[in-house]
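In this note's numbering, the protein residues as written are -19 to 145.
Shown next as structure tokens:
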């Protein structure tokens, strides 16, 4: 997930994986579906400039940066939602992106909030998602286990309140 030069977990407070499981860990509790959402818009002048630039084709760096930032923000909010349940990981994470009114971009990150524990005798997830024998060749230690979680709440947490403009 993400750019190869970034940290493996991008500094998120819990483990986030696009896989349905985490090598070296077992899922001991499933809390359910969680999501993080952000909606962004570029100012009118930037949209006009990008429109002219799109006539020639190619990448539009301002939009690329905006969408990249939006994905990181959405995953950060996904982590907060999962932690509110007591989860220490999110598995099967996916993105959904939509356009709103032709001027805004919605980015949602969603997945399954879970509690994972290291499997007995396992060294945990391999480095950068490589098979374990490649990780050993790189001589990099396995990441630490996910942070401990709070007990499962009787009622789901309230929906987060996002800052208004």
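Glycine is no exception: its CB is placed at the ideal position from the N, C-alpha and C atoms.
Being a predicted model, the structure only gives us computed values, none of them experimental.
In this structure, how does DSSP classify residue 76 when only helix, strand and coil are distinguished? strand
Just to confirm before moving on: does the CB-CB distance between residue 5 and residue 99 stay below 8 Å? yes
Taking 8 Å as the cut-off, decide whether the C-beta atoms of residue 54 and residue 88 are in contact. yes
For the alpha helix (DSSP H) that contains residue 98, what are its first and last residues? For residue 98, no alpha helix (DSSP H) run applies; the uninterrupted beta strand (DSSP E) run containing it begins and ends at 84 to 98, by DSSP.
May I have the straight-line CA-CA distance separating residue 68 from residue 37, to the nearest angstrom? 43 Å
Quick check on residue 19: does DSSP put it in helix, strand or coil? In the displayed model, residue 19 falls within a strand according to three-state DSSP.
What residue does the alpha helix (DSSP H) around residue -3 start on, and which one ends it? First-last for residue -3: undefined, no H or E at that position.
Comparing C-alpha positions only, which one of 81, 74 and 83 sits nearest to residue 52? 74
Exposed or buried, residue 81, counting other C-beta atoms within 10 Å across all chains shown (16 or more means buried)? exposed
Looking only at its chain, what residues have a beta carbon closer than 7 Å to the beta carbon of residue 20, apart from the 5 residues adjacent to it on each side? 46, 50, 84 and 85
DSSP-derived helix/strand/coil call for residue 109: Confidence at residue 109 is low in this model, with a pLDDT of 45, below 50, so the placement of that residue is unreliable and no value is reported for it.
Roughly how many whole angstroms lie between the Cα atoms of residue 9 and residue -4? 16 Å
Quick one: what does DSSP say residue 61 is sitting in, helix, strand or coil? helix
Would you grab the beta carbon distance between residue 14 and residue 72 for me? Rounded to a whole angstrom, and I think it's under 8 Å. With 8 Å as the limit, residue 14 and residue 72 do not qualify as a contact, their Cβ atoms being about 11 Å apart.
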